[in-house]
Amino acid sequence: MYFWRIEELKSKMKSAPLSERETLPYFLVFLLSTEFASLIPSPPTMNYWDYATIIYGAALTLLGTLYLYRLNGGNGGAFFVQRYLALGWVTALRVIAGALPAFVVLNIFIRMPNDGNGFSFGYFALVGLFLYQRLGRHIHDIASNGAAI
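Counting from 3, one number per residue, gives the positions in the sequence shown under my numbering.
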């Protein structure tokens with residue numbers, strides 16, 4: 003299982019699809035991440051920004067996944083789910099590694115309240131877009147053998 007070296011993972015996936023055994027850890031990490039995320043408590047009261055974040059997140063997930071599917075070749079593509087899970091895991095770790103320190107630094111200067119606000123919505127909206135853009139780039143690299151997008 004890869005945690006950081008996305009070029010090695012992409013090279014491996016270009017030469018041959020991952021086996022079911024190689025794909026299983028990525029699927030399990032996805033399931034566990036989803037489970038742990040569902041355990042995060044919601045604030046006792048939700049404001050406009052909280053609802054906007056939920057709606058935006060759902061829309062980004064739907065549209066972003068369709069975008070990735072198209073970059074993988076759409077109906078003519080192959081191994082979309084394993085590419086999504088394996089490359090998505092490594093890409094997410096890398097994006098989090100960059101986004102979290104930036105969020106902490108910005109939070110120090112802006113002193114965000116615990117409630118959702120425009121800053122947190124905008125920040126996470128941009129991070130989400132960046133995640134799908136980077137993941138799309140990696141999926142496209144494998145699907146098209148590195149042709150530019």
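Cβ coordinates follow ideal geometry from the N, Cα and C atoms, glycine included.
What does the Cβ neighbour count give for T47, buried or exposed, with the cut at 16 atoms within 10 Å?
By the 10 Å Cβ count, T47 comes out exposed.
Is it right to say V106 is buried, meaning 16 or more other beta carbons lie within 10 angstroms of its own, or is it exposed?
Counting Cβ neighbours within 10 Å, V106 comes out exposed, since fewer than 16 surround it.
Nearest CA to the CA of R7: which residue from V83, T93, P19?
Closest option to R7, Cα to Cα, is T93.
Which class does I151 belong to by DSSP, given the choice of helix, strand or coil?
Only weak support exists for where I151 lies, its pLDDT of 46 falling under 50; the coordinates are left without a value.
Reducing DSSP to helix, strand and coil, say where S21 ends up.
If DSSP states are grouped into helix, strand and coil, S21 belongs with coil.
Look at the Cβ atom of L202, then the Cβ atom of I144, and state whether they are nearer than 9 Å.
The chain is shown only over 3 to 151; residue 202 falls outside these bounds and no answer can be derived.
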